[in-house]
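In the numbering used here, each number is its position in the sequence shown, counted from 1, plus 460.
Don't be surprised by glycine CBs; every beta carbon is placed ideally from N, CA and C.
The structure presented is a predicted model; accordingly, all values stated were derived computationally and were not measured.
For reference, the structure discussed in these notes is given below.
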Amino acid sequence: RSGNAYRMLMDYGIAYPDNPYKMPDAIIKTDEGPQLLWEAEHLEEDELQPKEIKLQEIIKTEMAQKRKSIVYVRDTGSTVPDRDVRPRLKKVLEDIGAKVCILDTTSADTDKRSQWLEKKIKEENYDVCIVSQELVKVGLDLLCTPTLIFYQFSWSLFTINQAARRAWR
């Protein structure tokens, strides 16, 4: 059981700095029932974090050069909605004038994601697409978005390598 608690604390410890606004408490299941492992302290949502400010700077530079960008994230809220960093990042980037879309599992079928992204970037003139690295592991070409930004890293080096190779296909 202590291994589960350690893994959960590692995961929360890595994820919390990217989401100190809504990160849920860490609750672990024990034989006695659910137990609070760590209580999240939430910051004011209007307060930008240094990582968010740096992302804004990068995207401003890319937009000035007419380059489209992908922002890779890991926490998409697929199992715990409050862990989803995408809505926050979308707002942070829209605040600097970027047109931002989010590619998720409901945006397009797997075999149509490349076309969906190309339409958003080329026809609808989006500047940034926020997407999970897991979602682009298989069969997605990112040639229309030359800048790949890993805002969060996956636990899997294979997934990171696959996501990085999407721009080379």
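#### Entry: Sequence-distant residues of the same chain with beta carbon closer than 7 Å to E512, five excluded per side
The residue given as residue 512 occupies position 52 in the sequence shown. Closer than 7 Å at the Cβ level, and outside the excluded window around E512, lie V552.
### Query
Rounded to whole angstroms, how far is the Cβ of V533 from the Cβ of Y611, which I believe are closer than 8 Å?
In the sequence shown, counting from the first residue as 1, residue 533 sits at position 73. In the sequence shown, counting from the first residue as 1, residue 611 sits at position 151. Right, their Cβ atoms sit about 5 Å apart.
### Message
Give me, in chain order, the residues of the same chain whose beta-carbon lies closer than 6 Å to that of Y476; leave out the 5 immediate sequence neighbours on both sides.
### Response
In the sequence shown, the residue the question calls residue 476 occupies position 16. Same-chain partners within the cutoff: M483.
### Query
Would a check of beta-carbon distances place R543 closer than 9 Å to chain B?
No chain B is part of this structure, which consists of one protein chain only.
#### Entry: Proximity winner among Q509, K550, Q516 and I530, relative to S574 (alpha-carbon distances)
Mapped onto the sequence shown, residue 574 falls at position 114. Between S574 and the set Q509, K550, Q516 and I530, the nearest pair of CA atoms involves I530.
### Query
CA-CA distance, V596 and A623?
In the sequence shown, the residue the question calls residue 596 occupies position 136. In the sequence shown, the residue the question calls residue 623 occupies position 163. Distance between the alpha carbons of V596 and A623 is about 6 Å.
### Task
Go ahead and pull the three-state DSSP assignment for S529.
Your numbering for residue 529 matches position 69 in the sequence shown. S529 falls in the strand class under three-state DSSP.
### Span separating the alpha-carbon of F613 from that of D555
If you number the sequence shown from 1, residue 613 lands on position 153. If you number the sequence shown from 1, residue 555 lands on position 95. Approximately 24 Å between the Cα atoms of the pair.
#### Entry: Ranges of the alpha helix (DSSP H) found wholly within the region 469 to 555, counting only runs of at least 4
510 to 524 and 546 to 554
### Query
In three-state terms, what does DSSP make of T607?
Along the sequence shown, one-based indexing puts residue 607 at 147. In this structure, T607 counts as strand in the three-state DSSP scheme.
### Query
What's the gap between the Cα of D587 and the Cα of D491?
Residue mapping note: residue 587 aligns to position 127 of the sequence shown, counting from 1. Residue mapping note: residue 491 aligns to position 31 of the sequence shown, counting from 1. If I take the Cα positions, the gap works out to 49 Å.
### Query
Ordered along the chain, which non-local residues of its own chain (more than five positions away) have a Cβ less than 8 Å from that of I581?
Locating residue 581 in the sequence shown gives position 121, counting from the first residue. Contacts found: K528, C589, C604 and T605.
#### Entry: Boundaries of the beta strand (DSSP E) in which I590 is found, first to last residue
Start at 1 with the first residue of the sequence shown, and residue 590 comes out as number 130. Looking at the DSSP string, the run of the beta strand (DSSP E) that includes I590 is V588 to S592.
### Task
With L600 as the anchor, note down where its alpha helix (DSSP H) starts and where it stops.
Locating residue 600 in the sequence shown gives position 140, counting from the first residue. Premise fails: L600 is in no alpha helix (DSSP H) and is neither H nor E.
### Task
Keeping to the same chain, check which residues put their C-beta closer than 7 Å to that of A558; ignore five residues upstream and five downstream.
Indexing the sequence shown from 1 puts residue 558 at position 98. If we look at A558 and ignore the five residues flanking it on each side, its Cβ neighbours are I519, M523, D587 and V588.
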